[in-house]
Amino acid sequence: MPARRGHGLRTHLLVLVLVALAPALVVGAAAAWYAAAGYRAASEARLRDTARALALAVDEEIARAEAAAIALAASPDLDPGGDLRRFDERARLVAESIGAAVFVAGPGPDHPRVVDTRLPAGAAPMPDPPDAGAAAAAVARVFATGRTVVGDLAAGPAGGAMRASVVVPATRDGAGTVWAVGVTLAPARLSALLAAQGLTDGAFAAVADARGIVVARSRDAERFIGRSAETWYAAAMADGGGAGHVTRGRSLEHEEVLMATHRLWAAPGWAVIVAAPYAAHAASWRAPLRGLAVGGAAALALAAALATWLARRLLRPVEALALGARAVAMADGTGPDLAIAAPRSTVAEFEALRLGIADAEAALRRRAEAERRAAAALRESDRRMQELRSEFLRVARLSEMGQMAVTLAHELSQPLAASVNYINGARRLVERAAAEGDPQRDAALEALGRAAGEAVRAGQIIRRMRGLALRGEAEKRIEDPASLVEEANELAWILAKHAQVEVRLALDRLAPTVLADRIQIQQVLLNLMHNAIEAMEGQEAERRLTVSTRRAAAAGAEQVEISVADTGPGLPEEVQAELFAPFVTTKPGGVGVGLSVCRTIVEAHGGRIWAEPNPGGGTVFRFTLPASGAAGGDDAESGGGAAESGIRAAPEDGPRGPNA
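Heads up: the sequence shown begins at 85 in the working numbering, then just goes up one per residue.
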């Protein structure tokens, strides 16, 4: 029976190619689908990123206007009985420098504007125009809440151009909010800011206020400013559009667009809108999809052609070997040598292997270079983070100093005035001594010594405040806890004196030294003392601040505990759990970073910080610092003459100053 003839090698190779190409077709289709989804997501991400970037730019513009209004609100010319005409001149200079209008509204039902740089100088006070309801509402909210308000878009005085405004309160001690100072936000300026982004392909950006009114637009601003956004915009904002929400709808030009929104933190209810024609968005991912499809089909066709060509190339030497074998068999082994008769085979697999190894080597080199760049970028990022952390701590210190700067001039004038009095007295004593003899000489010398002491005292106050403000890297040294508290008290006593707060120090002179950065720990103490003074300010009950140090131990390690106790109203229960979290505050005008910075500094020193109720009423903040390892007795001796008593309490007859 003749043997059944099987299929040839060519057929098997073609079947193998088809089997190999089938998964490639499936994978290619899936890859094209995922690529289209990726292009679509990238297009939406560009819209969200653009909206976020523009929101930051608009927030900065509003913040600049708010800063100018706050600076003007602090002017002494707005004090009761101040010179409003001089303030009007200053306001016009500021308005010209920032390219905006400045106005001041007074209390009362109509909130008349006593200063408005959009009106001629010396114009009579006038109420807000009837169509400026948003501006009037912003002024009324400032007087009602005592906080900054960003007003929605409204018409200017005498039917002027529409503008939004940033209104801040001008508060004075004992009188509350006496004026409302506003800086306008010109839609043209905001529109130019949006247009500077350079949006293309029909895309545009806009800013809408809390009522959904268009405040600014990067394109055709004159046509659309003051118009209400489409209803689907309000629905998108209600669904949480402020977090980079992307939705689809029709613009005021009746064009189908894809819109991304981002809320403004500086203006509650306001949002930045970035929209692009939906046709351009669809084309951004459909065109690559078509390209992938065409390229995939071409690649598959080329692969089939190459496979066919390779099959033929492989079959030639095989067929030649088969013919030679038959010839040898028919010639009884006397046929030609197969090594000579068969053509030389150039097998592509070996060349492919070499190329594959070269590609792998190149890929490894690229990967190593990428890892080196990533490591360098990581080191640069760490360095930048350290710089930002140092800058953040310095800004926090400057914030504390800014609050003390209001009273610094008055307090420095006291020792300087005392120095002048002592010197004048000394001069008269010396003149009298010269005329009558020498008995007044000692009194004159004593007066001159007191004058020098007062001048030294003023210089010490300035040096310590400058040291607290200077920026520098953290430098830990062995420090005496009592000295840290005393120097911090010398900076805080100005605020305590003005708030009529009695300060007591209970310092354990036998407590061990600590390894700490003096400026940072004094920053923690100054922040806690400042918070305690503010908590007791204005209350009828006893106002007493007690700062103490004592030796402590935790887990067998020696520590020093420093506490700051007040007799204020205490902490509300709702903030106790997140007291040291960023942006948590109980102060009406606070930003909630002080205690967060305190915790960062204390934990960086290896300690911990916490708060608890004061048994006598109020709150006690405590924090610990690890001991440096030196003996407590040595530290006490270096503390300077008070180590025998161990604990020293400040006098109880009033607020404690640096010379108390």
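Cβ coordinates follow ideal geometry from the N, Cα and C atoms, glycine included.
Taking the C-alpha atoms as reference points, what is the distance between residue i and residue j?
{"i": "E586", "j": "E645", "result": "22 angstroms"}
{"i": "A714", "j": "T597", "result": "Note on A714: pLDDT 42, under 50, position unreliable in the model; the coordinate value appears next. Cα to Cα, the separation comes out at about 6 angstroms."}
{"i": "G192", "j": "V142", "result": "32 angstroms"}
{"i": "A381", "j": "E464", "result": "46 angstroms"}
{"i": "L283", "j": "H329", "result": "19 angstroms"}
{"i": "V291", "j": "I182", "result": "20 angstroms"}
{"i": "I578", "j": "I603", "result": "19 angstroms"}
{"i": "S822", "j": "E180", "result": "Residue coverage of the chain in this structure runs from 85 to 744, which leaves residue 822 outside it and unanswerable."}
{"i": "A366", "j": "L131", "result": "13 angstroms"}
{"i": "E230", "j": "L269", "result": "It is Gly, not Glu, that sits at residue 230 in the sequence shown. Answer to the nearest angstrom: the Cα atoms are 21 angstroms apart."}
{"i": "A239", "j": "F308", "result": "15 angstroms"}
{"i": "A205", "j": "S275", "result": "29 angstroms"}
{"i": "F707", "j": "I617", "result": "18 angstroms"}
{"i": "A519", "j": "G533", "result": "22 angstroms"}
{"i": "V103", "j": "V110", "result": "12 angstroms"}
{"i": "A175", "j": "R225", "result": "22 angstroms"}
{"i": "A113", "j": "A460", "result": "39 angstroms"}
{"i": "E173", "j": "Y506", "result": "42 angstroms"}
{"i": "G333", "j": "Y317", "result": "8 angstroms"}
{"i": "R635", "j": "L138", "result": "54 angstroms"}
{"i": "R347", "j": "I693", "result": "35 angstroms"}
{"i": "H338", "j": "T331", "result": "15 angstroms"}
Buried or exposed: residue i, going by 16 or more other Cβ atoms within 10 Å of its Cβ?
{"i": "P271", "result": "buried"}
{"i": "G165", "result": "exposed"}
{"i": "D601", "result": "buried"}
{"i": "L203", "result": "buried"}
{"i": "Q606", "result": "buried"}
{"i": "A566", "result": "buried"}
{"i": "F434", "result": "Low confidence applies here, because F434 scores a pLDDT of 43, under 50, leaving its location unreliable; read the following figure in that light. Exposed: under 16 other Cβ atoms inside 10 Å."}
{"i": "E563", "result": "buried"}
{"i": "E455", "result": "exposed"}
{"i": "E570", "result": "buried"}
{"i": "L386", "result": "exposed"}
{"i": "L177", "result": "exposed"}
{"i": "L709", "result": "buried"}
{"i": "N508", "result": "exposed"}
{"i": "D526", "result": "exposed"}
{"i": "A158", "result": "exposed"}
{"i": "L513", "result": "buried"}
{"i": "T201", "result": "buried"}
{"i": "T703", "result": "buried"}
{"i": "V378", "result": "exposed"}
{"i": "R247", "result": "buried"}
{"i": "G691", "result": "buried"}
Does the distance from the C-beta atom of residue i to that of residue j stay below 8 angstroms?
{"i": "E623", "j": "G652", "result": "In the sequence under discussion, the amino acid at residue 623 is Gln, which differs from the Glu named in the question. Taking 8 angstroms as the Cβ cut-off, Q623 and G652 qualify as a contacting pair."}
{"i": "A280", "j": "S249", "result": "no"}
{"i": "V748", "j": "L612", "result": "Examination of residue 748 is not possible in this model, given that the chain is present from 85 through 744 alone."}
{"i": "N615", "j": "G700", "result": "no"}
{"i": "L599", "j": "K560", "result": "yes"}
{"i": "A510", "j": "A536", "result": "no"}
{"i": "L52", "j": "A695", "result": "Outside the modelled stretch of the chain, which goes from 85 to 744, sits residue 52, for which no answer is possible."}
{"i": "A572", "j": "E621", "result": "no"}
{"i": "A245", "j": "V223", "result": "no"}
{"i": "A300", "j": "L278", "result": "yes"}
{"i": "V199", "j": "L168", "result": "yes"}
{"i": "A184", "j": "V267", "result": "yes"}
{"i": "A360", "j": "D285", "result": "yes"}
{"i": "A135", "j": "T345", "result": "yes"}
{"i": "A313", "j": "S302", "result": "no"}
{"i": "Q643", "j": "A711", "result": "yes"}
{"i": "V265", "j": "A364", "result": "no"}
{"i": "S680", "j": "A665", "result": "yes"}
{"i": "D650", "j": "A619", "result": "yes"}
Under 8 angstroms by Cβ, that's how I've got residue i and residue j pegged, so tell me the actual separation to the nearest angstrom.
{"i": "A287", "j": "V356", "result": "The Cβ separation is near 13 angstroms, so there is no contact."}
{"i": "L156", "j": "V186", "result": "7 angstroms"}
{"i": "V234", "j": "W349", "result": "The Cβ separation is near 11 angstroms, so there is no contact."}
{"i": "Y362", "j": "L342", "result": "5 angstroms"}
{"i": "T232", "j": "V252", "result": "5 angstroms"}
{"i": "P352", "j": "A259", "result": "Going by Cβ atoms, the distance from P352 to A259 rounds to 27 angstroms, so no, they are not a contact pair."}
Would you say the beta carbon of residue i comes nearer than 7 angstroms to a heavy atom of the ligand SAM?
{"i": "A239", "result": "Among the ligands in the structure shown, none appear at all, so the ligand SAM cannot be discussed."}
Taking only beta-carbon atoms, is residue i less than 8 angstroms away from chain C?
{"i": "R634", "result": "In the structure shown, chain C does not exist; there is a single protein chain."}
For the segment 137-153 against the segment 110-121, are there 3 or more C-beta pairs whose distance is under 8 angstroms? no
Contact the segment 625-636 vs the segment 586-595: 3+ CB pairs below 8 angstroms: yes
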